[in-house]
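A.B. asks: Below is the structure I would like to discuss, written out as structure tokens.
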Amino acid sequence: LPDIKNGANLLKKRLEAVRPDVILSNGWTPFHQEMYYDVIKDYCKKHRAFHVYWSLEDPLHTETWSKYVVEKAAPDYIFTHEFGFAKEYEKLGIPSSYLPLACNPKRHHNRSTAKTYQYDISFVGNHHPRTHLDSYRLQCLKILLMPLVKRHHVAIWGKGWHNKPPIPIPQGLVKGPVSYKEVPKIY
């Protein structure tokens with residue numbers, strides 16, 4: 424895990440140096456902890472800045488993640504990628520709107536496939552060693568990915584797959600981490 428205290432201090436210094444009027448947060452990483460949210464809340468209060476949280480975990484992880492962010496970060500506004508879900512945040516007293524996932528046409532467009540990425544099926548996503556054996560994510564991988572592995576030329580891209588994943592991945596399928604800029608080439 425990152426050094427939380429030093430990371431929070433660095434965040435505080437960067438916010439003071441850049442002085443944003445709006446802070447947009449999203450995601451679910453080790454950096455999304457109470458100490459970081461305290462820095463954001465303090466900054467917003469001191470500088471009258473506006474904190475927007477884009478919830479990309481609805482509705483599957485609303486209870487375990489998004490409501491944690493609401494409680495700890497106290498955002499001023501929430502976008503949710505789940506159509507019709509804004510009303511759930513408005514029930515909590517937070518203005519909210521639907522903001523779907525989208526693409527950047529300059530980056531995401533038809534192109535010739537590089538031989539490096541030519542597979543029948545590619546899976547792009549990180550494996551987290553702390554994923555519980557009974558988690559929804561793991562069950563989906565077992566149900567969706569494993570049958571494909573047996574019948575197709577499959578590649579698995581992302582971090583953490585070499586660290587003994589709890590599902591049997593045949594040797595050679597794991598290609599390792601990939602840069603965000605390369606992901607459109609894989610798709």
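Note that the numbering used here has the sequence shown beginning at 424, numbered continuously upward. Note that the Cβ used here is the ideal one computed from N, Cα and C, for glycine as well.
#1: Out of curiosity, what's the CA-to-CA distance linking Y521 and I590?
#2: Ends of the beta strand (DSSP E) at H656?
#3: Ordered along the chain, which non-local residues of its own chain (more than five positions away) have a Cβ less than 8 Å from that of H585?
#4: Which residues in the same chain as P498 place their Cβ atom closer than 8 Å to its Cβ, once the five residues preceding and following it in sequence are excluded?
#5: What does the alpha-carbon distance come out to for the pair G595 and S519?
#6: Using the rule of at least 16 other Cβ atoms within 10 Å of the residue's Cβ for burial, across every protein chain shown, is F546 buried or exposed?
#7: Could you check the C-alpha separation between H455 and S489 for me, to the nearest Å?
#8: Can you find the residues in the same chain that come closer than 6 Å, C-beta to C-beta, to A578, ignoring five residues on each side of it along the sequence?
#9: Can you tell me where the alpha helix (DSSP H) holding L571 begins and where it ends?
#10: If you follow the alpha helix (DSSP H) that V445 is part of, which residue opens it and which one closes it?
#11: Where do the ends of the beta strand (DSSP E) carrying K598 lie?
#12: How many angstroms separate the CA atom of D426 from the CA atom of T485?
#13: On the DSSP letters alone, give me the boundaries of the beta strand (DSSP E) that A578 sits inside.
#14: Alpha carbon to alpha carbon, what distance is there between R534 and L424?
#15: Counting pairs of Cβ atoms below 8 Å between the segment 435-446 and the segment 465-474, do you hit three or more?
#16: Considering only their Cβ atoms, is the gap separating G548 from G581 smaller than 7 Å?
#17: Pull the bridge partners of F546 from the DSSP assignment, please.
C.D. replies: So, from the listed chains and residues:
#1: 35 Å
#2: For residue 656 there is no data in the structure shown, the boundaries of the chain being 424 and 610.
#3: V597 and G599
#4: S448, H474, V475, Y476, V492 and I517
#5: 44 Å
#6: buried
#7: 11 Å
#8: Y542, S545 and K598
#9: M569 to R574
#10: Where V445 is concerned, there is no enclosing alpha helix (DSSP H), although the beta strand (DSSP E) it sits in stretches over V445 to N449.
#11: V597 to G599
#12: 27 Å
#13: V577 to W580
#14: With a pLDDT of 44 at L424, under the threshold of 50, the predicted position of this residue should be treated as unreliable, and no value is reported.
#15: yes
#16: yes
#17: I579
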